[in-house]
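Which chain is which? The protein sequence lines are A and B, in order. Per the numbering used here, the first sequence starts with residue 1, numbered consecutively. Per the numbering used here, the second sequence starts with residue 343, numbered consecutively. Glycine included, each C-beta is placed from N, C-alpha and C at the ideal position.
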Amino acid sequence: MPKQDSSNTKDNKLSSRRDFLRSAGNYTVASLSGAAMLLSDQKPAKANVTWEEHFQKNYRLMTDEEKQQAIERLETRYSEEYGKQVTVDGSPSMEGVLFGYALNIQKCIGCRRCVKACVAENNQSRGDEQQIEWIRVLRMEKGKFSETDRDQHGYPESFGVQVGGNAYKPAGVVLEGQHYYEPEQVPEKDAFYFPMQCMQCEKPPCVKVCPVRTTYRDPDGIVVIDYNWCIGCRMCIGACPYWARRFNWGEPNLPKEEMNPVTHYLGNRPRMKGVVEKCTFCVQRTRKGRWTACVEVCPVGARKFGNLLDPNSEIRKVLAKKKVFRLRADLNTYPKFFYYMD
Amino acid sequence: MTRYRNHQPLFGFCLLLFLFTRPVLGTENQADKECFESRDGMSQVKVRQINPELVNIKCSSTTGGVLWWGDPFAGTIPMGDMDIEADYSNEEAVVKPREPQLDRNKMLTICSMACHDGNYVPIPHTKNPRSLKMHLDTVPDAMNLKHGKGNIWCLDCHHLVDRTKLIDNFGYSISFNQPQKLCGKCHGQVYRAWRDGIHGKRIGMWDKGGKKRWWVCTECHNPHDVEQEERNSGFAQLRPEPAPNLPKGMVNADHERMHHGAHPDE
């Protein structure tokens, strides 16, 4: 019995090994054919992604040589795809620079030129099917703060600090921000405008939640994304309190003739389906010393940008001389994007 | 039926003609198109190719405003000296000359040659305001000056003799290309803020020592109507760029025009 038992066991072992080999063989064939299918797929966006690009490391963990190889791969692929010489820059942070941004909400006229300039610069998807804009401009109602609201009818126990409104009456502003305003002419008399984009937080909630650490904060203060490493889980979109991040639900639509060929690996290089993107302070420009596209286009000069570590920079002068606030400072995200008034 | 059948080739031809002649979305050729940088009509630029892959500007197809500069320094001249030494002194500063914009219909050239050459038209002896008798058509906002709340008039800013120049408090002429020297006479605080870079606009390189194109006062403000009525913003109203697309399935944006909660007036 024990003999039989052992032979049985042996047979079992043999059969299981055979099964294993058979199934392993099947898997190999299947995976090879899968890879072959991947490589022979006729869709250009998929077919052109090389094997190496599929299996490259997280950008932060790459050696300089690997980074250079990744950049060259992309340059070749993009140049072929868009029919022009595309450059992909990999410039790291500049020494002694911390970028800061200030926006004068008293001056902003809500013309949305910054939104469109950003799209022209940063290769976002456009068109009816999938439109991605990194800047949103909210039209806000001007409040009505009357004397009676402020003084006579505060909270019943008269505690708490508030301006306008009370426990029984809402404050002056009761209309929430409007995204889709479209008057003939701006600025309108009874409105002010509030542009929002990525605040490049010092403690970014999006970086905290990213499960694959593809989004991180560079030493010059810019929160960047390695699109190749992004798995599209959209945790960062949920975590961002400033609604700054956008997701490519479909294949981005970027017409060849509108594509900006001057790109950065962590910035405006063409994105793919299933990745998150957001404002990078035009990293491809600012790390070369050029102002961002939105700063340059603003027709009223409401946008200021510079090095926070340079005491003579215009951003530092704004912080020193103007009335400045940060959006949702209570969240302790320490944005590097400031709003100010004259 | 026969009549309709005969029309079918014609209809097909028209359809083909329509398909071939209509501009394909997003591929319209912008070459030679004229756009405005800041004030519509007073800061015009033509689109041109710098090299096969780079245009000098990209324009908005809806409003005609410049959205993007391929070369921020195209068509600029050195700004000239500032009145005090400061951070900007070591930087290359350029401005876009205003004279070509003002001389678009050859007004400056013809006026200064034909009549205002310093001899032909009698030079006014005083700067006291008087009503204009001529040129009401060429200077449409002259009779409706909204600047200085009635305390200034033409010859406080324009040169008495040389109509192609502005004038400072001491009677020296100022070029139209450097209006900041004139405006700064009264608006000192704004002038200082502009010099520091916290008022107005500059494009080009943000870094210290980098080349910058400074925008001068009259590129953004209309000197004959700086107040712009009640809005008091200093800017003429503009047509905004189109709103973002509505989310799929949403037919209008009425929801965001609703007042939530009781209104203070109710």
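Option in the options with minimal Cα separation from residue i
{"i": "asparagine 470 of chain B", "options": "B/Leu497, B/Gly551, B/Tyr462", "result": "B/Leu497"}
{"i": "glutamine 391 of chain B", "options": "B/Arg381, B/Asp413, B/Gly383, B/Met384", "result": "B/Asp413"}
{"i": "glycine 422 of chain B", "options": "B/Gln570, B/Ile494, B/Gly530, B/Val558", "result": "B/Val558"}
{"i": "glycine 406 of chain B", "options": "B/Lys553, B/Ala484, B/Val389, B/Thr418", "result": "B/Val389"}
{"i": "glutamate 182 of chain A", "options": "A/Ile109, A/Ala120, A/Met199, A/Pro270", "result": "A/Ile109"}
{"i": "glutamine 106 of chain A", "options": "A/Cys114, A/Gly90, A/Pro195", "result": "A/Pro195"}
{"i": "serine 385 of chain B", "options": "B/Glu395, B/Pro394, B/Thr418, B/Ile509", "result": "B/Thr418"}
{"i": "threonine 87 of chain A", "options": "A/Thr76, A/Ser93, A/Gly96", "result": "A/Thr76"}
{"i": "valine 408 of chain B", "options": "A/Asp342, A/Ala117, A/Lys256", "result": "A/Ala117"}
{"i": "phenylalanine 467 of chain B", "options": "B/Asn447, B/Cys457, B/Glu434, B/His501", "result": "The sequence as given places histidine at residue 467 of chain B; phenylalanine does not occur at that position. The option with the nearest alpha carbon to histidine 467 of chain B is B/His501."}
{"i": "lysine 550 of chain B", "options": "A/Pro299, A/Ser313, A/Thr215", "result": "A/Ser313"}
{"i": "glutamine 200 of chain A", "options": "A/Gly289, A/Pro311, A/Pro219, A/Val186", "result": "A/Pro219"}
{"i": "arginine 213 of chain A", "options": "A/Cys282, A/Gly221, A/Lys203, A/Ile225", "result": "A/Ile225"}
{"i": "glycine 177 of chain A", "options": "B/Ser515, B/Ala595, B/Gln531, B/His477", "result": "B/Ala595"}
{"i": "leucine 254 of chain A", "options": "A/Leu98, A/Gln131, A/Gly96, A/Val97", "result": "A/Gln131"}
{"i": "aspartate 425 of chain B", "options": "B/Gln570, B/Ile545, B/Tyr533", "result": "B/Tyr533"}
{"i": "lysine 349 of chain A", "options": "A/Cys240, A/Gln185, A/Pro261", "result": "Residue 349 of chain A is absent from the structure shown; chain A starts at 1 and stops at 342."}
{"i": "arginine 285 of chain A", "options": "A/Gly90, A/Trp51, A/Pro270", "result": "A/Gly90"}
Three-state secondary structure assigned by DSSP to residue i
{"i": "tryptophan 51 of chain A", "result": "helix"}
{"i": "proline 365 of chain B", "result": "Legend: pLDDT at proline 365 of chain B = 40, less than 50; position of this residue unreliable, value from coordinates given subsequently. Three-state result, proline 365 of chain B: coil."}
{"i": "methionine 449 of chain B", "result": "helix"}
{"i": "valine 568 of chain B", "result": "coil"}
{"i": "lysine 256 of chain A", "result": "helix"}
{"i": "methionine 485 of chain B", "result": "helix"}
{"i": "glutamate 182 of chain A", "result": "coil"}
{"i": "histidine 500 of chain B", "result": "strand"}
{"i": "leucine 444 of chain B", "result": "helix"}
{"i": "arginine 290 of chain A", "result": "strand"}
{"i": "lysine 323 of chain A", "result": "strand"}
{"i": "alanine 435 of chain B", "result": "strand"}
{"i": "threonine 263 of chain A", "result": "strand"}
{"i": "glycine 407 of chain B", "result": "strand"}
Residue i versus residue j: straight-line alpha-carbon distance, rounded
{"i": "asparagine 332 of chain A", "j": "tyrosine 59 of chain A", "result": "28 Å"}
{"i": "glutamate 72 of chain A", "j": "glutamate 66 of chain A", "result": "10 Å"}
{"i": "asparagine 268 of chain A", "j": "proline 252 of chain A", "result": "13 Å"}
{"i": "methionine 235 of chain A", "j": "threonine 560 of chain B", "result": "48 Å"}
{"i": "leucine 362 of chain A", "j": "phenylalanine 337 of chain A", "result": "Nothing can be reported for residue 362 of chain A, as the shown portion of chain A is limited to 1 through 342."}
{"i": "alanine 585 of chain B", "j": "cysteine 198 of chain A", "result": "19 Å"}
{"i": "histidine 489 of chain B", "j": "tryptophan 536 of chain B", "result": "20 Å"}
{"i": "valine 297 of chain A", "j": "leucine 61 of chain A", "result": "36 Å"}
{"i": "glutamate 277 of chain A", "j": "valine 49 of chain A", "result": "19 Å"}
{"i": "phenylalanine 415 of chain B", "j": "phenylalanine 512 of chain B", "result": "33 Å"}
{"i": "tyrosine 242 of chain A", "j": "valine 437 of chain B", "result": "37 Å"}
{"i": "tryptophan 410 of chain B", "j": "leucine 508 of chain B", "result": "32 Å"}
{"i": "threonine 63 of chain A", "j": "glutamine 69 of chain A", "result": "10 Å"}
{"i": "proline 299 of chain A", "j": "glycine 238 of chain A", "result": "33 Å"}
{"i": "methionine 217 of chain A", "j": "tyrosine 339 of chain A", "result": "In the sequence as displayed, the identity of residue 217 of chain A is arginine instead of methionine. In a straight line, the C-alpha of arginine 217 of chain A is about 21 Å away from that of tyrosine 339 of chain A."}
{"i": "alanine 435 of chain B", "j": "methionine 547 of chain B", "result": "10 Å"}
{"i": "cysteine 282 of chain A", "j": "valine 324 of chain A", "result": "23 Å"}
{"i": "methionine 94 of chain A", "j": "cysteine 279 of chain A", "result": "18 Å"}
{"i": "tyrosine 514 of chain B", "j": "proline 521 of chain B", "result": "13 Å"}
{"i": "methionine 449 of chain B", "j": "proline 92 of chain A", "result": "52 Å"}
Proximity below 8 Å, CB of residue i to CB of residue j
{"i": "glutamate 80 of chain A", "j": "asparagine 228 of chain A", "result": "no"}
{"i": "lysine 317 of chain A", "j": "isoleucine 540 of chain B", "result": "yes"}
{"i": "arginine 136 of chain A", "j": "alanine 191 of chain A", "result": "no"}
{"i": "cysteine 206 of chain A", "j": "arginine 245 of chain A", "result": "yes"}
{"i": "tyrosine 180 of chain A", "j": "leucine 588 of chain B", "result": "yes"}
{"i": "asparagine 123 of chain A", "j": "tryptophan 134 of chain A", "result": "no"}
{"i": "arginine 112 of chain A", "j": "glutamate 583 of chain B", "result": "yes"}
{"i": "glutamate 427 of chain B", "j": "glycine 552 of chain B", "result": "no"}
{"i": "glycine 301 of chain A", "j": "lysine 590 of chain B", "result": "no"}
{"i": "serine 661 of chain B", "j": "arginine 505 of chain B", "result": "The question about residue 661 of chain B has no answer, for chain B in this structure spans 343 to 608."}
{"i": "leucine 487 of chain B", "j": "aspartate 510 of chain B", "result": "no"}
{"i": "leucine 98 of chain A", "j": "glycine 289 of chain A", "result": "no"}
Residues that residue i bridges to, as DSSP identifies them
{"i": "valine 387 of chain B", "result": "B/Cys377"}
{"i": "tyrosine 78 of chain A", "result": "Answer is none; tyrosine 78 of chain A lacks a bridge partner."}
{"i": "alanine 102 of chain A", "result": "A/Lys304, A/Phe338"}
{"i": "alanine 456 of chain B", "result": "Bridge partners of alanine 456 of chain B: none, in fact."}
{"i": "lysine 469 of chain B", "result": "Answer is none; lysine 469 of chain B lacks a bridge partner."}
{"i": "phenylalanine 415 of chain B", "result": "Paired residues: none, contrary to the question."}
{"i": "isoleucine 545 of chain B", "result": "B/Arg555"}
{"i": "asparagine 393 of chain B", "result": "B/Leu396"}
{"i": "isoleucine 515 of chain B", "result": "Going by the sequence as given, residue 515 of chain B is serine instead of isoleucine. The partner list for serine 515 of chain B (beta bridge, DSSP) reads B/Ile509."}
{"i": "isoleucine 225 of chain A", "result": "A/Thr215"}
{"i": "arginine 139 of chain A", "result": "A/Gln178, A/Tyr193"}
{"i": "arginine 246 of chain A", "result": "A/Glu277"}
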